[in-house]
Every structure is written in C-alpha cells, then in structure tokens.
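Visitor: Chains as they are written, first to last, in this note's numbering: chain A, 1 to 206; chain B, 207 to 297.
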Ligand SMILES: [Zn+2]
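#1: Strictly below 9 Å CB to CB, what residues from chain B border residue 77 of chain A?
#2: When every heavy atom of ligand 1 is checked, does at least one fall within less than 8 Å of the C-beta of residue 268 of chain B?
#3: Keeping to the same chain, check which residues put their C-beta closer than 8 Å to that of residue 205 of chain A; ignore five residues upstream and five downstream.
#4: Verify the contact flag: residue 76 of chain A, CB atom, against every heavy atom of ligand 1, threshold strictly below 8 Å.
#5: Find out if the Cβ-Cβ distance for the pair residue 128 of chain A, residue 177 of chain A is shorter than 9 Å.
#6: Looking at the secondary structure, which residues open and close the alpha helix (DSSP H) in which residue 57 of chain A lies?
#7: Does the separation of the CB atoms of residue 190 of chain A and residue 175 of chain A fall below 9 Å?
#8: Looking at residue 113 of chain A and residue 40 of chain A, is the spacing between their C-beta atoms short of 9 Å?
#9: What I want to know is whether the C-beta of residue 151 of chain A ends up closer than 8 Å to one or more non-hydrogen atoms of ligand 1.
#10: Quick one: which chain A residues come within Cβ less than 8 Å of residue 268 of chain B?
#11: Return the CA-CA distance between residue 12 of chain A and residue 280 of chain B, expressed in angstroms with no decimal places.
#12: Which residues mark the beginning and the end of the alpha helix (DSSP H) in which residue 207 of chain A is found?
#13: Here's the rule I'm using: 16 or more other beta-carbon atoms within 10 Å means buried, otherwise exposed. How should residue 300 of chain B be labelled?
#14: Looking at residue 108 of chain A: is its Cβ nearer than 9 Å to the Cβ of residue 44 of chain A?
Here it is, written out as structure tokens:
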C-alpha cells in the first residue's frame, strides 16, 4: 500500500512571496496571511436560533453577534456570517470543531472550515484606499468601526470582512475567503496595492 | 440598482441573483395538471409593482422577497423570504 505523508499547506503557498512588492519606499499596505487557525461555522437549526444564542453565551461568555459584527473573547472571535449563523475563529484546538460539538448539540449544526478558508489581514496607511478598489462596503471609520463585519463580495468572490483591533494606530481589516478563490483574490489584492507599495508576510498569530 | 438586505444593509446589485416572480404558490398534490402547468410555466409580464425573489449569494446567502416597480426599478420593500433567517421571518 502506498504511503502518504500529508503536509498542511496554505492555498497561498505558491502565490505568497514574503517581502516588498510594488512601488518602492515605505509600504502603504501590509498584507499578511494568517495560517493554522481553527474555524468553525455554527448555523442554527430551524427554529433554534434562540437556543443557539443561549448556547453561545454559555460557551463563550459573550453573546454571538446577531447583526454584522464580531464579538471577541480572550481566545476566540465570533464573526457574523449571515442570519442565525456565525464563525468561531481561534487557535490551538480549544474552540475547534471537536471542542464545540457538545455545547451546540441541541441547537446548531457545525462545520469545520479551518482548511476551507484563507485568512488575510490588510493594514497600513493605504489599506482603505486599496480595499476601496475591491469592495463596495463603506469602510470610513465612522461607518465601519472596530468590530464591524460584512458578508460581501470582492472581485465577484464571496468574503467575510471585518475590522479587527487597530495596530500602531492604524485600522486592520480581516478577510476570510474560500481556499480555492484565495489565490485569485490575492493576485487582485497585489495589483490593487502595488501603487502604494506592499509588505507581504505570513504569520501564525491571530 | 441597490437592494437593502434586511440582514446586511444596502448592497450593490452584483451581490444578488434574481429568481423571478414570488407570487406563484406550489399547488396541492391533487390540484391537477393545469394548476401544475400554470405554476411551473406561466408568468405574468408585469409593468409596475411586482413581488420578486432575490438571493443575496454574494453576501449573507439569504433569500429575499423584494417589491419592485419594473418600470422604474424603485424598490418599496425587502423582506426575508420564508425559511431565510428563520428567527426573523414573521417577526
Ligand atoms: Zn444579505
């Protein structure tokens, strides 16, 4: 019998080249792929939305978002992904598919999306200008504050977009995209950001 | 054209897919061939206010019932279609 050695590889492994890209000088946009996360889709069963909310509150000690927002705990981010559904984003298995089953057994269906999505973090002084080329969402800070989220499309590709905590006084946007569309969206992002100069990286830190 | 999704807010048309007339109701199993033919094939070509099914596939993936004037594209109401966002329907 043939033996296989299964390696976990990022769908962006070929496309992502760490370092500088585009216009020289200070990078206006930082693109960082976040690798090795746990991502679980939680969807209420018919008529069980209230029960799912209660289960989420019990499990995470914060209410799951019921509008396009994210809710954060010390070690997990709950991201609205549509009516009566949300993602649980975390690391290290504590809130992975195996750990959540019990809590939602009576109210929701879970599906492991850890290797089905790519997570891209967009920051830098020109992050909004670059995203404005791809997204029709109004990302002005008055409208899209920290914790705001959207299920939307970029370049005809479905994404989940939210604003994470600021870093060094600058906004940080997180984009979850289907793994098979990630390379295409990645190239579009590089094209959009090239004029501002890019710093490309990958990281294991959520 | 933009549609105000009851779940997501105002979005561009490109995020939505049009299904068609929201009025036809599936006939009962014993309703007869004419009723089924009518349900499957016959549609009114409405010039004016129309109730339509739209899918927010590029967003929250909810089915919506949109009331639209086919002459002006003016949208007067958007509500979740039955089964979408179970908690909100009928609320
Ligand atoms: Zn929507």
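From the three backbone atoms N, C-alpha and C, an ideal C-beta is built for every residue, glycine too.
Guide: In short:
#1: Here residue 77 of chain A corresponds to residue number 77 of the first chain, with the count starting at 1. Chain-ordered listing is empty here: chain B has no CB closer than 9 Å to the CB of residue 77 of chain A, the nearest sitting near 18 Å.
#2: In the second chain, counting from the first residue as 1, residue 268 of chain B sits at position 62. Within 8 Å of the C-beta of residue 268 of chain B there is at least one heavy atom belonging to ligand 1.
#3: Position 205 of the first chain, counted from the start, is the residue given in the question as residue 205 of chain A. Excluding residues within five positions, the ones whose Cβ falls inside 8 Å are 34.
#4: The sequence position of residue 76 of chain A within the first chain is 76, counting from 1. False, no ligand heavy atom lies under 8 Å from that Cβ.
#5: Translated into the one-based positions of the first chain, residue 128 of chain A becomes position 128. Translated into the one-based positions of the first chain, residue 177 of chain A becomes position 177. No; because the gap between Cβ atoms is not below 9 Å, this pair is not in contact.
#6: Along the first chain, read from residue 1 onward, the residue named residue 57 of chain A stands at position 57. Looking at the DSSP string, the run of the alpha helix (DSSP H) that includes residue 57 of chain A is 49-60.
#7: Residue numbering aside, residue 190 of chain A sits at position 190 when the first chain is read from its first letter. Residue numbering aside, residue 175 of chain A sits at position 175 when the first chain is read from its first letter. One thing to note: residue 190 of chain A has its Cβ no nearer than 9 Å to the Cβ of residue 175 of chain A.
#8: Position 40 of the first chain, counting from 1, holds the residue named residue 40 of chain A. Position 113 of the first chain, counting from 1, holds the residue named residue 113 of chain A. If you check the CB distance, residue 40 of chain A and residue 113 of chain A come in under 9 Å.
#9: The residue you call residue 151 of chain A lines up with position 151 of the first chain. Checking every heavy atom of ligand 1 against the Cβ of residue 151 of chain A, one is found closer than 8 Å.
#10: For this step, residue 268 of chain B is matched to residue 62 along the second chain. For residue 268 of chain B, the C-beta contacts it makes with chain A under 8 Å involve 82 and 83, in order along the chain.
#11: Sequence index remark: in the first chain, residue 12 of chain A carries index 12 (1-based). Sequence index remark: in the second chain, residue 280 of chain B carries index 74 (1-based). Whole-angstrom Cα-Cα distance: 43 Å.
#12: Outside the shown range of chain A (1 to 206) lies residue 207 of chain A, about which nothing can therefore be said.
#13: Because chain B is modelled from 207 through 297, residue 300 of chain B falls outside the range shown and cannot be assessed.
#14: Position 108 of the first chain holds residue 108 of chain A. Position 44 of the first chain holds residue 44 of chain A. In contact: residue 108 of chain A and residue 44 of chain A (Cβ atoms closer than 9 Å).
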